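Written below as structure tokens is the structure these notes are about.
Number of protein chains: 2
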Amino acid sequence: MAITLKEVAERAGVSRSAVSRTFTDGASVSEKMRRKVEKAARDLGYSPNALASSLTTGRTKLIGLVSNNFHNPIFLQVFDLFTRGLQDRGLRPLLVNLSDETDPEASVRMLRQYSVDGAVVASSTLSPEFAKAFRDAGVPVVHSFGRHSSTPQVHVVGIDNVACGRMAARSLVARGYRRIGFLGGPQNATSTQDRFAGFMSELEGHPGLDLSHSFAAAYSFNAGRAEMMRLLRSEPAEAYFCGDDVLSIGVLSAITESGLSVPHDIGLIGLNDMEMAGWQNINLTTIHQPIRQIVNSSIELMVAMLDEPDRYPEARIFPCSIVERGTLRPVT
Amino acid sequence: MAITLKEVAERAGVSRSAVSRTFTDGASVSEKMRRKVEKAARDLGYSPNALASSLTTGRTKLIGLVSNNFHNPIFLQVFDLFTRGLQDRGLRPLLVNLSDETDPEASVRMLRQYSVDGAVVASSTLSPEFAKAFRDAGVPVVHSFGRHSSTPQVHVVGIDNVACGRMAARSLVARGYRRIGFLGGPQNATSTQDRFAGFMSELEGHPGLDLSHSFAAAYSFNAGRAEMMRLLRSEPAEAYFCGDDVLSIGVLSAITESGLSVPHDIGLIGLNDMEMAGWQNINLTTIHQPIRQIVNSSIELMVAMLDEPDRYPEARIFPCSIVERGTLRPVT
DNA sequence: CAGATTTTTGCAACCGGTTGCAAAGTAAAT
DNA sequence: ATTTACTTTGCAACCGGTTGCAAAAATCTG
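Here the protein sequences come in this chain order: A and B. Quick note on the working numbering: the first sequence kicks off at 1 and runs consecutively. Quick note on the working numbering: the second sequence kicks off at 333 and runs consecutively.
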């Protein structure tokens, strides 16, 4: 077993409180005492037990990092940014993989058992109610990549997917496309729904367009490719707004495999601007989602909430912008 | 604050031990008592504090998941498999992102403070000494994707990178390539070193070959592309064994951008068989690394070690195999 | 039904820390 | 040298559980 406070105290010939205090900053300890204790601690190789102290302080510095996006490459970056950002602030990410779980109950219970100081729900597909379950259980929560709302029930950090849908629509119209398709991710994902709604509402304002839409089974290469293959069997649209980049790349693959070319035969615009979209052999025109800012802002909010748990729920929405690459024809 | 054992005990009119026992399986409690306690617990919404109990039981069910590979897409799958596998066994992954950290000391200390039951080091670039530091600190550890050794100091699960290098070499020779290059990942990564050693040792047995080698700055698209661009400025080899798939894809991009074609002008073989390698617009010939088995086996080993911490260190090496796709010319 | 055996329960100490409070020690002020 | 004010230290209770042990209750035997 590891060295305990008591052993250090005995070795240094002081009380247990004295040892505790030298390892608590802001506590009252004389220089002489501190040196004595630190020496003993060093000799013994002592390091304080964070969990035992959490019992009395009520703080574990554990943060639940809850996600169901373990298949989309952008989430590797998301995890990278979250773990580094949290670590830099002395917080520890306890990772929860929801896979197909949609019921928050089990995760909430588990995170409460481990007394996490807070939870970050990082998902563009889960509903606001999912995140709310954490709040209701008394766990401070921020929903990253969550659904935009002007009156959120929990802290939300992300983008306005409806506005993104509109932006994509405008850019297709501006390029003179008339037969326009929406090829979304899974239909039950909030991000899909919002992008779809924004896209369609913008296009409704433009008469004479020929609109269509369909949904892929997942945000994945294979789902995008399969759905595009299906669309190619009848007459496809002139241009598609795809649910996200990885879906777009599958679509791209399907199109070129069929002997058609992009953007000559079919135009394509994605969303996310993942690293791969910029690879020269993909070169996807897409809408940039400012991931780094979203993650950092989420962490800031989380940290703020640790001091002020009842902070009024806030939505932090970051603007997106189109990154012009090679999968849409130029503006006429 | 959350409901405590004591409150449940008072409500049920029984002792605290009784409550504790109903939530500890294998403890002696009568049916009547159990029902009484469970009712009270339900009424109050009680769930036991895992960390408080860890104080006496000495088990937290926390497992440190330590990695420095937050840029290689295959690690998203690795994290997915690890988190799910651990969760399924009632264990909780505490994620540690090393980024450029190569000194284990800080991570070891941190994980000890949180009393993790064990640690998984998931990295193909860190040295065996890194993992050993955990063992030396009394933290049961398994090194996944670590360097193969017949006398390992800690449990290692992965592949034999030397053998993979040889396998790649043989396949290039069999296809009649004579001017052959090794284009590795970062030179200080153990996986790079081993693949290089195996590759070269095999080729040395074949006289009359023209060998070359170089190393990319990282296992990344951009590093691969940049290094290939450089090689293309003088006379490139006929075929390359690339450090890994994501590197290969960058190399592929550089080649086609230069107006050359694969495998007509230059052949390419990667390593990992990541999902992307199978995408029809990439179609990379590569060596398959059985990630799922490696992760599952690592978890099994970890679980075994929880009961038997002094288990003799074991190396579990899984065979790799070539996946033939479209970036090498056919065997002559 | 008494006695022996087994099961269930509560007491109290413990896990590794923290912290309010009062006593002891130091330094400053008179 | 006293008094006053402030700092440092230790005591003891507490955080939320677990567990060995012995007493109490239930069950089994003959």
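We put the beta carbon where it would ideally sit given N, CA and C, even for glycine. These numbers come from a predicted model, not from an experiment.
Taking 8 Å as the cut-off, the beta carbon of residue 340 (chain B) is found no closer than this to the beta carbon of residue 383 (chain B). Under the DSSP definition of a beta bridge, residue 93 (chain A) partners with A:63.
Residue environment: residue 148 (chain A) is assigned as buried (16 or more neighbouring CB atoms within 10 Å of its CB, all protein chains considered). With fewer than 16 other CB atoms across the displayed protein chains lying within 10 angstroms of its CB, residue 109 (chain A) is exposed. For residue 210 (chain A), the enclosing beta strand (DSSP E) has its first and last residue at 210 to 215. Boundaries of the alpha helix (DSSP H) harbouring residue 416 (chain B): 406 to 420, taken from the DSSP string. Here the C-alpha atom of residue 562 (chain B) lies approximately 16 Å from the C-alpha atom of residue 512 (chain B). The contact set of residue 80 (chain A) on chain B, defined by CB atoms closer than 9 Å, consists of 402, 403, 429 and 431 in chain order. Within the segment 231 to 259 of chain A, those residues whose Cβ lies closer than 9 Å to any Cβ of chain B are, in chain order, 249, 250, 252, 253, 254, 256 and 257. When rounded, the separation of the alpha-carbon atoms in residue 651 (chain B) and residue 584 (chain B) is 26 Å. Taking a Cβ-Cβ cut-off of 8 Å, residue 546 (chain B) has no neighbours in chain A, whose nearest Cβ is about 20 Å from it. Within chain A, no residue has its beta carbon less than 8 Å from that of residue 633 (chain B); the closest one is some 20 Å off. Identification of chain A residues near residue 353 (chain B) by a Cβ-Cβ cut-off of 9 Å yields none; the smallest Cβ-Cβ distance measures about 18 Å.
Chain order gives the chain B residues near residue 87 (chain A) as 428 and 429, where near means a beta carbon separation below 8 Å. If the five residues before and after residue 431 (chain B) are omitted, its C-beta is found closer than 8 Å to the C-beta atoms of 400 and 402, all from its own chain and listed in chain order. Taking CB atoms only, residue 386 (chain B) has a neighbour in chain A less than 8 Å away. Within 10 angstroms of the beta-carbon of residue 174 (chain A) lie fewer than 16 other beta-carbons, which makes it exposed.
Cβ contact annotation for residue 323 (chain A) (same chain, cutoff 6 Å, sequence separation greater than five): 273, 286 and 288, in chain order.
In the same chain as residue 638 (chain B), and ignoring 5 residues on each side of it, the C-beta atoms closer than 6 Å to its own belong to 449, in chain order.
Two segments are said to touch when three or more pairs of C-beta atoms, one from each, lie closer than 8 Å; by this definition the segment 533 to 542 of chain B touches the segment 509 to 525 of chain B. Note on residue 32 (chain A): under 16 other CB atoms within 10 angstroms of its CB, so exposed under the neighbour-count rule. Here residue 604 (chain B) carries a strand assignment [DSSP, helix/strand/coil]. When C-beta distances to chain B are compared with 7 Å, the residues of the segment 112 to 125 of chain A below that value are 112, 113, 114 and 115, in chain order. The alpha-carbon of residue 248 (chain A) is positioned some 50 Å away from that of residue 47 (chain A).
Per DSSP, the continuous alpha helix (DSSP H) segment holding residue 107 (chain A) begins and ends at 105 to 113.
Contact of residue 613 (chain B) with chain A by beta-carbon distance below 9 Å involves 249, 252, 253, 256, 257, 281 and 282. By the Cβ criterion, the segment 118 to 135 of chain A is in contact with the segment 187 to 199 of chain A, since at least three pairs of Cβ atoms, one from each stretch, lie closer than 8 Å.
Within the same chain, 16 come within 7 Å of residue 6 (chain A) by CB-CB distance, once the 5 residues on both sides are set aside.
Closest in alpha carbon position to residue 368 (chain B), among B:483, B:381, B:484 and B:351, is B:351. Of all residues in the segment 35 to 51 of chain A, only 47, 48, 49, 50 and 51 place a beta-carbon less than 7 Å from a beta-carbon of chain B. The beta-bridge partner set that DSSP reports for residue 336 (chain B) is empty. Put simply, the CB of residue 18 (chain A) is far from chain B, with every gap to its CB atoms at 8 Å or more. In this structure, A:276 is the residue among A:232, A:276, A:171 and A:145 with its C-alpha nearest to the C-alpha of residue 404 (chain B). For residue 93 (chain A), the neighbours in chain B by C-beta distance under 7 Å run, in chain order, 427.
Contact annotation: residue 518 (chain B) and residue 547 (chain B) have beta-carbon atoms nearer than 8 Å. Taking the Cα of residue 95 (chain A) as reference, the smallest distance to any Cα among A:111, A:85, A:102 and A:104 is reached at A:111.
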